[in-house]
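Contents: one structure, followed by commentary.
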Amino acid sequence: MDQVLLNSILTLSGIAILASSILFIAAKKFQVEEDPRIQDIDEVLPGANCGACGFPGCRNFADAVVKRGHVGNAFCPVGGNETMKKVGAIMGETVAEQDPLIAVVRCQGSREKAPKKINYLAARSCALSHMTFSGEKGCPNSCLGLGDCVFVCLFDAIKVNEQTGLPEVDKEKCTACGACVTACPRRIIELRPKKDKMVYIACMNREKGAFAKKNCQVACIGCSKCVKVATELQGEAAGSQVESFLAYLSPAIDAEKFGAKIVTACPTKSVVGIGLENEVAQIREEEKKARLEKAKAMKESDALKGKE
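The sequence shown begins at 0 in numbering that gives the first Met the number 0 and counts up one residue at a time.
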């Protein structure tokens, strides 16, 4: 009995050794040599596998760059310019720097400025809510506030403010991967150049002004005043326009020079100025003084006419 068991063990061991030898020889014979630069590039990438570069993951990005033979227009928004410099060094080329981007939420329809008209009691999903009705606020283009953008962010860079019901982006954490942009069914999140001073329309309303104002106090009514001011100050380089009752301010606008004047031109306050708070407050104070002086002058003029 012991001899039978021993023979069985030896036979199985022999088969295992033979099979492994065949597999080893086959693996060596048919082995595909990988360019070591793929591994080198993969190691310098952040490993987020977010897909923001246009490839399914970091390894795919590295593979595509090496097989193409040059970096070209490939860019990792999460790693930014520093990472791309390392990728360029591995590929033996200089990579042009790109302006960093940041996600901005183009909606100000908070609970205060755009009060609820109905209560939503279905699944907590922006995508589902968008397909079934216009939203609790009545605006068919406003933020639904159910947090699809929060769920897809791998960097904890966006949160829904409990008081306003709107998502807020953490500028320090945002990597501009674009996941929130894709997740938003109403396309209210946009990637724009990350600067200390920015100006943009925080509204996606495409209804006529009267209808829009019924739903939201700060809705864009398509009056084109901001676009006119931007074009007057910066010319055609401003690249701004009004389409379907909605104005759009191009990222090409020099917000540092002209941003405050563009913000104050908007009668509904749908234009947002980041880093321009002091300049905007100063212009509005000056406008207020001018209105008071004008009213005073008219009152004095009427009083003189009354005496006559």
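Built from N, CA and C at the ideal position, the CB exists for glycine as well. Treat the numbers as computed from the prediction; the structure is a model and nothing was measured.
Alpha carbons only, please: which of Ile40, Thr263, Val271, Val270 is nearest the one belonging to glutamine 281?
Thr263
By Cβ distance, which residues of its chain are closer than 8 Å to lysine 136, with the 5 residues on each side in sequence left out?
Gly108, Ala113, Pro114, Lys115, Lys116, Asn214, Cys215
Cut-off 6 Å between Cβ atoms - residues of its own chain near alanine 36, not counting five sequence neighbours on either side:
For the sequence presented, residue 36 should be read as arginine rather than alanine. Cβ within range, chain order: Val65, Ile89.
Using DSSP with H/G/I as helix, E/B as strand and the rest coil, what is lysine 193?
coil
Per-residue DSSP class, three states only, for alanine 259
helix
Note down the Cα distance separating alanine 302 from aspartate 195, rounded to an integer number of angstroms.
50 Å
Beta-carbon separation (whole angstroms), cysteine 265 vs cysteine 225, contact threshold 8 Å
5 Å
Whether arginine 186 touches proline 250 by CB criterion (9 Å)
no
Among Ala209, Cys219, Leu248, Ser243, the one whose alpha carbon lies nearest that of valine 228:
Leu248
Using the Cα positions of asparagine 59 and lysine 268, report the straight-line distance between them to the nearest angstrom.
44 Å
Please state the DSSP three-state secondary structure of lysine 115.
coil
Rounded to a whole number of angstroms, what is the C-alpha to C-alpha distance between lysine 212 and valine 159?
24 Å
With burial defined as no fewer than 16 other Cβ atoms inside 10 Å of the residue's Cβ, what is the status of valine 3: buried or exposed?
exposed
Just the Cα atoms here: how many angstroms apart are threonine 131 and leucine 143?
12 Å
If we count the other Cβ atoms within 10 Å of its Cβ and call it buried at 16 or more, is phenylalanine 74 buried or exposed?
buried
Glutamate 231 - containing beta strand (DSSP E), residue span:
Taken as a continuous stretch (DSSP letters only), glutamate 231 belongs to no beta strand (DSSP E), being part of the alpha helix (DSSP H) at 224-233.
With a CB to CB cut of under 7 Å and the five nearest residues on each side skipped, what residues in its chain are close to aspartate 155?
Lys172
With respect to the beta strand (DSSP E) encompassing lysine 207, which residues constitute its N-terminal and C-terminal limits?
Where lysine 207 is concerned, there is no enclosing beta strand (DSSP E), given that its DSSP letter is neither H nor E.
Candidates Ala18, Ser12, Ile252, His69: closest to isoleucine 317 by CA position:
Outside the modelled stretch of the chain, which goes from 0 to 307, sits residue 317, for which no answer is possible.
Leaving out five residues before and five after phenylalanine 244 in sequence, what residues of the same chain have Cβ atoms less than 8 Å from its Cβ?
Asn204, Arg205, Glu206, Lys207, Gly208, Ala211, Cys219, Ile220, Gly221
From the DSSP secondary-structure annotation, give me the bridge partner or partners of glycine 272.
Val198
Using only the alpha-carbon positions, how far apart do alanine 178 and lysine 288 sit?
46 Å
In or out: lysine 293 buried (at least 16 other Cβ within 10 Å) or exposed?
exposed
Whose C-alpha, out of Ala126, Ser133, Val104, is nearest the C-alpha of asparagine 118?
Ser133
When you compare each of Ala102, Val271, Gln30, Ser128 to alanine 175 by their alpha carbons, which one comes out closest?
Ala102
Excluding the 5 residues preceding and the 5 following cysteine 152 in the sequence, name in chain order all residues of the same chain whose CB lies nearer than 7 Å to its CB.
Ala178, Cys179
Please go through the same chain and pick out, in chain order, the residues whose beta-carbon is closer than 6 Å to the beta-carbon of alanine 254, but skip the five residues on each side of it.
Lys196, Met197, Val198
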